[in-house]
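Quick notes on the structure that follows.
Protein chains: 2
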Amino acid sequence: MEKVTPRILPGFMELLPADQILFNDMYDKIRSVYESFGFLPLDTPIIELSEVLLAKAGGETEKQIYRFNKGDNDLSLRFDLTVPLARYVSAHYNDLTFPFKRYQMSKVFRGERPQKGRFREFYQCDIDIIGNDELSILYDAEMPAVIYHVFKKLGIGDFTIRLNNRKVLGGFFASLGLSDKIEEILRTIDKIEKIGKEKVVAELIAAGVPEDKTETIISFITISGDRRETVEKLRALGVENEVFQNGVNELETVTEAMITFGMPEESFRIDLSIARGLDYYTGTVYETVINAHPEFGSVCSGGRYDNLTGYYTDKKLPGIGISIGLTRLFSQLRDNGLIAPGAGTMAKVLVVPMDKNTIPYAVSVSAKFREAGIPCDVYYGEKGMKQKMKYAGKSGFPYAAVIGADEMASGTLALKDMLGGSGQRAVTVEEAITILKEKEE
Amino acid sequence: MEKVTPRILPGFMELLPADQILFNDMYDKIRSVYESFGFLPLDTPIIELSEVLLAKAGGETEKQIYRFNKGDNDLSLRFDLTVPLARYVSAHYNDLTFPFKRYQMSKVFRGERPQKGRFREFYQCDIDIIGNDELSILYDAEMPAVIYHVFKKLGIGDFTIRLNNRKVLGGFFASLGLSDKIEEILRTIDKIEKIGKEKVVAELIAAGVPEDKTETIISFITISGDRRETVEKLRALGVENEVFQNGVNELETVTEAMITFGMPEESFRIDLSIARGLDYYTGTVYETVINAHPEFGSVCSGGRYDNLTGYYTDKKLPGIGISIGLTRLFSQLRDNGLIAPGAGTMAKVLVVPMDKNTIPYAVSVSAKFREAGIPCDVYYGEKGMKQKMKYAGKSGFPYAAVIGADEMASGTLALKDMLGGSGQRAVTVEEAITILKEKEE
């Protein structure tokens, strides 16, 4: 038979089991923190009607969409989880209780040119809170507090959540007489870490910003200090613009609440260069960096949006959301050796019947292990003991429970530590359970 | 602004939070049983190259595929998890340990005409075991044993795993001189429960089966009895066909091992009318019915396939797999009232600060709850107490922990049972934790 080369597309992540176990462990940790804060699960379709999904999209985003026809329908694969959320709350408005807190951790699709660290199919792990008519500014502080607990739990080193407020930026640029250029300025300054100060200035000038004002913009977005100092410096600018002043007040309220919510001072800071490219943000915006690896870029971003449901409903449904790009983060952590796969199996023990006759007893032992909450596997293949033990070792089982006629007769098993190499010892099933449970902790 | 109606496509399932919690609970239970048997997680891409994914497909399947071009690539959304597995083991052959046991629980896509109970996007919860060159027949018994534990854990009533063997069918039809019609016969008899005996006979005649032989076929596929009786009746037919005899031996070995593996006699039976439409099965085949609801059809099906990787590799990689169509099963159970959503939240308690001043203490209480493993939410909106409590009730929180100035001063909280309605009582945080943990059990 002619063969087809078994391969996948570039830009798609597919893992070997040991890596997949590691990935799932991260996924489960994020999910458990999200749930511990009362976020509700949601699972929207991967395929949506283009008319609905792309109501707001345009430009770069639209080019990346996987869009196609099936029958009479113009369909698209979702490119994020925020637009489907906006569609969902608009459609189910009467069935939801607000503020509506939901998490969704699923794959999204962007047909970008594949490059290192960019994926076309990747997991986003989102939390959002949607208010009915209004949403307390305190939720802007709860978001980073949740993320703080997530990253603590992931245990991947120190990190800093950097935040800003679009009103501060917009109000400031308006006060410079640049109201008509705010979008371009935001997009440009957002790139300062990537392309550097000189190029930002050049791009600003190209966008029509007068040269003398580029200096003002650069000094502004590079204001530094702790959260209190930064707020003071902003106030000291004496900008007479109400949007600006509201934004500064919000920044102050949010950063104070972040302390109240248990975040250490060093876990976050105000960074006036953060703008977030997406134009739907209207207030607080966040990015997150792993301190030892700024080259990873932002590993968790989001912000406040007041009008995202405007395409679907007349209801005013302001929201705040933040998202971890898990596929990319996982790939960066693994490629840099910050995480490493463990054993190639989640089972704690392989039960190895020495021959056919001992299989029924081996099965009963495995059932007892499972009842005790110990995941385990049984080797049923008709191979020699050497090959069976080779399988146990290669698969990464921490223990093997060998069962021959003697063990069956005496109701015991020979427990072999596959990693410690301390030989094997005859134990009862109950003793084995105790040992295996201890090992777990 | 002109509005786009927020809607999704027919045939796609999207749930309200209470239902989603219920769905996730089923998903998590299935996953935990799969993992307890040592199956490894896998997560293959949703988008694959059509050339690779459709190497084997054809006919009905191919028509249902979501297939499209992006750039120079001819792409398809996966329509099952078995073909991607065949691709995966062929590509990663050198990195895997065999027998390779994996589970995958993800969405697949079939652009069928939507009808009640049929979904275009749905979860399959698969386990498969792939052998290198050979795979012990005992794994054919382990599959239903795992499924037995899954359905016990789901607690949705009595069920029966019905099994058959393609060799028994193929061998028997060959012995009738119908070797060239086996595929059509299998496809036809598979429908006997749906369309009835008369239509099966008519279709068999239309397919060119001589009329007198249709009677023989019908009596054959309706052979009944317990597993031992059925095997005896099959042997008593005296069919002189080696494939048939091998098949009967396999059926006997597998059903005996199912008992060894802890399955009660009444949890399964041999059913010679089971053929499974997919042509890649080569030995054991399974279907599962909920006893009280045969109209659901098979809620879990699978079988042995010897040549599924043949399109990708010269290696001989026989496998056995079984799959739960979770989206459909969930929808059937819910529509028939066999499962019902519980509270609309996974959090056990809503912490309600009475005013702004009590927020910091409320936050510290919520942190203690979470540390104790109790998921909880805090209400930060600036509303009156009545509205806050209305939110707690409507959201389905079993408890509310109300915190005013008095509670803050005395280091307590007022715990209100939202369901029992036994008023509220002043307790310490530690007492509250004890109460909330008790409730959990």
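Protein chains in written order, with numbering that gives the first Met the number 0: chain Y, 0 to 440; chain S, 0 to 440.
Ideal Cβ positions, reconstructed from N, Cα and C, are used throughout, including at glycine.
Everything numeric in this text was worked out from a predicted model, so none of it was measured.
About 6 Å separates the Cβ atoms of S/VAL401 and S/LYS415, confirming a contact at the 8 Å cut-off. Interface criterion not met: the Cβ of Y/ASN306 is under 7 Å from no Cβ in chain S. Around Y/LEU328, the same chain offers VAL298 as residues with beta carbons nearer than 7 Å, after the five sequence neighbours per side are excluded. DSSP, reduced to helix, strand and coil, places S/TYR65 outside both helices and strands of the structure shown, so it counts as coil. Per DSSP, S/THR287 lies in no alpha helix (DSSP H); the unbroken beta strand (DSSP E) holding it starts and ends at 283 to 289.
For Y/THR427, the secondary structure class from DSSP, reduced to helix, strand or coil, is strand.
Runs of alpha helix (DSSP H) with 4 or more residues, each lying fully within the segment 294 to 371 of chain S, are found at 325 to 334 and 358 to 370, listed in chain order.
When DSSP states are grouped into helix, strand and coil, S/PRO40 belongs to the strand group.
For S/ALA90, a Cβ of chain Y is located within less than 7 Å of the residue's own Cβ.
A Cβ-Cβ contact shorter than 7 Å links Y/ILE160 with Y/THR287. Taking 7 Å as the cut-off, the beta carbon of Y/ASP71 is found no closer than this to the beta carbon of Y/SER322.
With respect to chain Y, the C-beta atom of S/MET407 has no partner C-beta closer than 7 Å.
Taking C-beta atoms under 8 Å as the contact rule, Y/LEU41 and Y/ARG101 qualify, at a distance of about 5 Å. Between the segment 21 to 41 of chain Y and the segment 339 to 357 of chain S, the count of C-beta pairs closer than 8 Å reaches three or more; the two stretches touch. Following the DSSP letters along the chain, one finds S/LYS100 in no alpha helix (DSSP H) but inside the beta strand (DSSP E) bounded by residues 99 to 108. Every unbroken stretch of the beta strand (DSSP E) spanning 3 or more residues and falling wholly within the segment 383 to 423 of chain Y is given here in chain order: 398 to 402 and 411 to 416. Beyond the five residues adjoining it in sequence on each side, Y/SER174 comes within less than 8 Å, by CB distance, of VAL238, GLU239, ASN240 and PHE243 in the same chain, given in chain order. In terms of beta-carbon proximity, Y/GLN19 lines the interface with chain S, with at least one pair separated by less than 7 Å. By the Cβ neighbour-count rule, Y/GLY301 is buried, with 16 or more other Cβ atoms within 10 Å of its own. Between Y/GLY110 and S/LYS69, the gap from beta carbon to beta carbon is short of 7 Å.
Judged by DSSP secondary structure, S/TYR33 falls within the alpha helix (DSSP H) whose first and last residues are 16 to 35.
Inclusion of S/ILE136 and S/GLU249 in the CB contact set at 7 Å is warranted, their separation being smaller than that value. Using a Cβ-Cβ cut-off of 8 Å, S/MET345 is close to GLU34, GLY37, LEU39 and PRO40 of chain Y, given in chain order.
One thing to note: Y/GLU210 has its Cβ within 7 Å of the Cβ of Y/ILE204.
At a cut-off of 7 Å between beta-carbon atoms, S/LYS151 makes no contact with chain Y.
Within chain S, the residues placing a beta-carbon under 8 Å from that of Y/PHE260 are VAL362, ordered along the chain. Under the DSSP assignment, S/GLN123 falls outside any alpha helix (DSSP H), being part of the beta strand (DSSP E) whose first and last residues are 120 to 129. In the assembly as shown, Y/LYS106 is a buried residue. Its beta-carbon has 16 or more other beta-carbons within 10 Å.
In this structure, S/ARG77 sits away from S/GLU50, with a CB-CB distance that is not shorter than 7 Å. Judged by pairs of C-beta atoms under 8 Å, the segment 301 to 321 of chain S does not touch the segment 355 to 373 of chain S, as fewer than three such pairs exist. DSSP, read as helix, strand or coil, puts Y/LEU74 in strand.
In the three-state reduction of the DSSP assignment, Y/LEU48 falls in the strand class.
Our two residues, S/MET257 and Y/ALA144, have alpha carbons roughly 51 Å apart in a direct line. Interface with chain Y (7 Å Cβ-Cβ cutoff): S/ASN23 is included.
Within the DSSP bridge table, the entry for Y/ASP376 names Y/LEU349 as partners.
The C-alpha of S/LEU134 lies about 29 Å from the C-alpha of Y/LEU435.
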